[in-house]
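In UniProt numbering, the protein residues as written are 1 to 100. Even for Gly, the Cβ is constructed at its ideal location relative to N, Cα and C. Quantities reported herein were computed from a predicted structural model and do not represent experimental measurements.
This is the structure:
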């Protein structure tokens, strides 16, 4: 982790909703229903469920999630037309280690 990446993550987490999304994804089974087809959270949570829980427009949530993915906080996986996101625990650990 370098200073530039840590700064980008810090900027991303300065938004309360993005920080909350990261918290929700820490325990997806407690915060979201499983997707109808997959029935598990191995690949993360369907973007639609994140958007519904956040109560924001699709375009706003899309921007937030894209930024979180770009700075390495989230990992995206596609299944057909659905996108799933989960926390990138490796990057989160590197960030917390960098801060200490």
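| Smallest Cα separation from residue 87: which of 26, 78, 11 and 48? | 26
| said: Does the CB of residue 33 have a neighbour CB from chain C at under 8 Å? | reply: Note that chain C does not occur in the displayed structure, where there is just one protein chain.
| field | Under the three-state DSSP convention, the category residue 57 falls into | value | coil
| Whole-number beta carbon distance between residue 65 and residue 50, since they are thought to touch under 8 Å | 7 Å
| residue 28 beta carbon less than 8 Å from that of residue 45 | yes
| query | How is the alpha helix (DSSP H) around residue 99 delimited, first residue to last? | reply | In the DSSP assignment, residue 99 falls within the alpha helix (DSSP H) that extends over 89-99.
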